[in-house]
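Residue numbers (our numbering): 168 to 621.
Everything on this sheet refers to the single structure shown next.
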Amino acid sequence: MRFRLLTLLAALVLGLGFGPVQAQDATPSYSIVPHSAPTSKIEVAQLPAAGVSNFDPVKATNAYLAQIPAKDRARTDAYFEGGYVLQVVDLVYALVVAGLLLWLKISSRMRSWAESITSRRWLQVPIYAVQYIVITTVVTLPLSIHEGFFREHHYGLSNQTFGQWFGEFGISFLIEIIAFSLVLTLIYAAARKVQRKWWMWGAGITVAFMVVAIAIAPVFIEPLSNKYTPLPESATRNAILSLARSQEIPAKDVYLVDASRQSKRVSANVAGLFGTTRIALNDNLMNRCTPSEVLQVLGHEMGHYVMNHVGTSITWLGLIICLGFWFVDWGYHRLTRIFGAKWDVRGIDDPAGLPLILAVFSVFMFLATPLTNTMTRTQEIQADLFGLNLVRQPDAEAKVDLMLGEYRKMDPSPLEEFVFFDHPSGKNRILMAMRWKAEHLNDPDIMAGPISPQ
Ligand SMILES: [Zn+2]
């Protein structure tokens, strides 16, 4: 049973991007024509330009989707749907591992070993935690290698050799050992002190840790696997920085990251908190997209930045984590009352009960997946609209959405999207861009812009 919090945090902090544009004169044309009193008529629309009067957002969306070769679409669907299965497989596997650690009394022996080394109870916790992380990492290694390396290669999504992949895996393993030991030492210290109310302290410590982790990630953690550099001199750079200045985003907060070390995926993200917040666009985006597309993606990311989505997510996730800890408290006491003696697990402040705590917490977070996904998906919709309003390149948006379709199913059922999607599906993003376009057809920049397929 691995603590999935770090993964969850990573997902939270990585907002995928889209987007396009050059600054253009986007002033709509209004003419106020006074008539004889008492009525006045306000003309707000020009005649539609030839060729766009029959613009149909749904048709345009379908025409964009039709540009994806059937073979590519089948491959992406298989990749993404396989991900649903893996979420269940990971959970079941983790529950089985937790069950074995408890029933075979491996966990209680790990605790007793820690007690034999030192009588200081606070120190017994990290000794237990390190054993726990090592054992669970080793037994889940085949799954990790399959999911992280072979599967990504099978679908043509990874650029890494096994050595490179394993090196990064090792780095996150070390970070996990340090972070996990630290947080657990604090939570168990609180549990020993306050007993019944431990879950409130546990949730508080976890959320505080999450805040610190998000704040230091751009400075201390992300540079361990990638290089972040200032944007290279170019016309696109000037357009990006101009757009950033217009949104009160300091230029020093926009970076280029060498994500091509890991994959061909096009993306950008907003990370950090307090003084470390920054936008990073990846080099795949820079290399594979037109300047309009790059700008539309950046418009989306600027939306996350300006609307403080990191802060909002922490707040909501914090509430969900509180509920999760309460659920763990409830489950832990019930289960140890029945099985505690068989497992040789004592009260809540006994580290030997950790596999049970994490098992119950994982079940809770798994059940909360549609909720947490809907939370982030809603922010992604907001960022899409922000980007469209700012950059005004709906067709560039649609083209980037097609590229994101290389690793995310384009046209899922509504239920699938609700449960599994932390971003809107490609189809819905294109549809949103085309609907936006349909309502701006008379604006000179849109009229002069690219014609959507129909
Ligand atoms: Zn996003």
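Glycine included, C-beta positions come from ideal geometry on N, C-alpha and C.
- A Cβ-Cβ contact shorter than 8 Å links T352 with P293.
- Apart from sequence neighbours up to five positions away, the residues of its chain that approach R288 with a beta-carbon distance below 7 Å are R359, ordered along the chain.
- At the C-beta level, A230 and Q546 stay beyond 8 Å of one another.
- For E547, the shortest separation between its Cβ and any heavy atom of ligand 1 lies below 7 Å.
- Annotation for I597: T228, Y231, A565 and D568 place their beta carbon closer than 6 Å to its own, counting only its chain and skipping 5 residues before and after.
- When only Cα atoms are considered, I381 and N221 end up about 47 Å apart.
- Counting the other CB atoms within 10 Å of its CB gives L423 a total of 16 or more, which places it among the buried residues.
- Shown here, Y472 sits in a helix according to DSSP, grouped into three states.
- For P591, there is no enclosing beta strand (DSSP E), as DSSP marks it with neither H nor E.
- With at least 16 other beta carbons inside 10 angstroms of its own, L525 counts as buried.
- Residue T307 holds the alpha-carbon nearest to the alpha-carbon of D257 among T307, I342, F528 and T482.
- If the five residues before and after C489 are omitted, its C-beta is found closer than 6 Å to the C-beta atoms of A370, all from its own chain and listed in chain order.
- With respect to A563, Q463 sits close: the two C-beta atoms are nearer than 8 Å.
- Y574 sits in coil when the DSSP states are folded into three classes, being neither helix nor strand.
- Under DSSP, the beta-bridge partners assigned to A438 are R445.
- In summary, V264 is buried, with 16 or more beta-carbon neighbours lying within 10 Å of its beta-carbon over all protein chains present.
- When L571, G572, Q560 and N540 are compared, the shortest CA-CA separation from L582 is found for N540.
- Contact fails between the region 511-525 and the region 386-398, because fewer than three Cβ pairs, one in each stretch, are under 8 Å apart.
- Put simply, of P309, R318, I312 and M277 the residue whose alpha carbon is nearest the alpha carbon of Q298 is M277.
- If you draw a 10 Å sphere on the C-beta of A281, you find 16 or more other C-beta atoms in it, and that means buried.
- Here the distance from the Cβ of A550 to the nearest heavy atom of ligand 1 is below 7 Å.
- Within the region 219-247, the alpha helix (DSSP H) runs of at least 4 residues that lie entirely inside it are, in chain order, 224-232.
- Judged by DSSP in its simplified three-state form, T307 adopts coil rather than helix or strand.
- Between V495 and F528, the gap from beta carbon to beta carbon is short of 8 Å.
- For V530, the uninterrupted alpha helix (DSSP H) run begins and ends at L521 to L534, by DSSP.
- The region 400-409 and the region 427-444 do not touch, with fewer than 3 CB-CB distances between them shorter than 8 Å.
- Annotation for H467 indicates a beta carbon within 7 Å of some heavy atom of ligand 1.
- In this structure, ligand 1 has a non-hydrogen atom nearer than 7 Å to the beta-carbon of H471.
- Within the same chain, and ignoring the five residues on either side of N451 in sequence, the residues whose Cβ sits closer than 8 Å to its Cβ are A426, S427, S430, K431, R432, V433 and S434.
- In this structure, the straight-line span from the alpha carbon of F506 to that of D589 is close to 37 Å.
- When the Cα atoms are used, Y246 and W368 turn out to be separated by approximately 40 Å.
- By the 16-neighbour rule on beta-carbons within 10 angstroms, G337 is exposed.
- Apart from sequence neighbours up to five positions away, the residues of its chain that approach Y472 with a beta-carbon distance below 7 Å are I416, V437, T444 and I446, ordered along the chain.
- For a cut-off of 8 Å, the C-beta gap from G470 to Q549 is around 6 Å, short enough to register as a contact.
- Between P518 and Q291 a beta carbon distance of about 7 Å is seen, short of the 8 Å cut, so the two are scored as contacting.
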